[in-house]
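Using full-length UniProt numbering, you'd call the opening residue of the sequence shown number 1 and step up by one each time. Beta carbons: idealized from backbone N, C-alpha and C, even for Gly. The structure displayed is predicted, hence computed values, not measured ones. For reference, the structure is listed below as structure tokens.
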Amino acid sequence: MNDLVAQYLEIWNTTDAAARSAAIARVFTDEPRYVDPLMAVTGREALDAGIAAVQAQFPGMVFRLAGPVDGHHDQVRFTWELGPADGPALVVGFDVAVLDQGRIADVYGFLDKVPAAA
Numbered sequence: 001m002n003d004l005v006a007q008y009l010e011i012w013n014t015t016d017a018a019a020r021s022a023a024i025a026r027v028f029t030d031e032p033r034y035v036d037p038l039m040a041v042t043g044r045e046a047l048d049a050g051i052a053a054v055q056a057q058f059p060g061m062v063f064r065l066a067g068p069v070d071g072h073h074d075q076v077r078f079t080w081e082l083g084p085a086d087g088p089a090l091v092v093g094f095d096v097a098v099l100d101q102g103r104i105a106d107v108y109g110f111l112d113k114v115p116a117a118a
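Next comes the structure, spelled out in structure tokens:
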């Protein structure tokens, strides 16, 4: 599950649209669902567009793992941060991903720290 979470976070950091779309196809099921307090989407294309929108809102920022990955059965939870590569996090969140045959089917995101302008 550590590798899957690393791939997931790398998708959020991939700014090349074609590479991001290909990675989403590898890591996610055909009709993934992603829900957090600011975004709720279904499908790979909608997920891709949502990720692109976050990247536009936080240009130059990177997602990184912020603690251990914990998983059992077909679910995994982890804390992540978004911020400058060499600086403190601007956003901190916690995701739970539900897997289907080794690929991500659903993600439930929670935001623990969000800048006032988000």
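Limits of the alpha helix (DSSP H) - the one that residue i falls within
i	result
Leu82	No alpha helix (DSSP H) contains Leu82, which is instead part of the beta strand (DSSP E) from 75-83.
Gly87	Element bounds for Gly87: n/a, residue is neither H nor E.
Asp3	2-13
Asp48	44-57
Contact belief for residue i with residue j at Cβ below 8 Å, rounded distance in angstroms
i	j	result
Trp12	Phe63	4 Å
Ala66	Val92	7 Å
residue 148	Phe78	Coverage of the chain is limited to positions 1 through 118, which leaves residue 148 absent and any answer about it impossible.
Ala25	Arg44	6 Å
Cross-strand partners of residue i (DSSP beta bridge)
i	result
Phe94	Thr79, Phe110
Phe28	Ile104
Pro69	The sequence shown places Val at residue 69, rather than the Pro named in the question. Bridge partners of Val69: none, in fact.
Met39	Asp36
Leu99	Ile104
Member of the options whose CA lies at the smallest distance from the CA of residue i
i	options	result
Gly83	Met61, Ala97, Ser21	Met61
Pro32	Lys113, Ala52, Ala17, Ala97	Ala97
Pro59	Lys113, Thr15, Phe110, Gln7	Thr15
Ala89	Ala52, Gln75, Asp112	Asp112
Ile104	Ala17, Val35, Ala18, Ala19	Val35
Ala116	Asp74, Val76, Gln57, Arg20	Gln57
Thr29	Gly50, Phe110, Gly102, Asp3	Gly102
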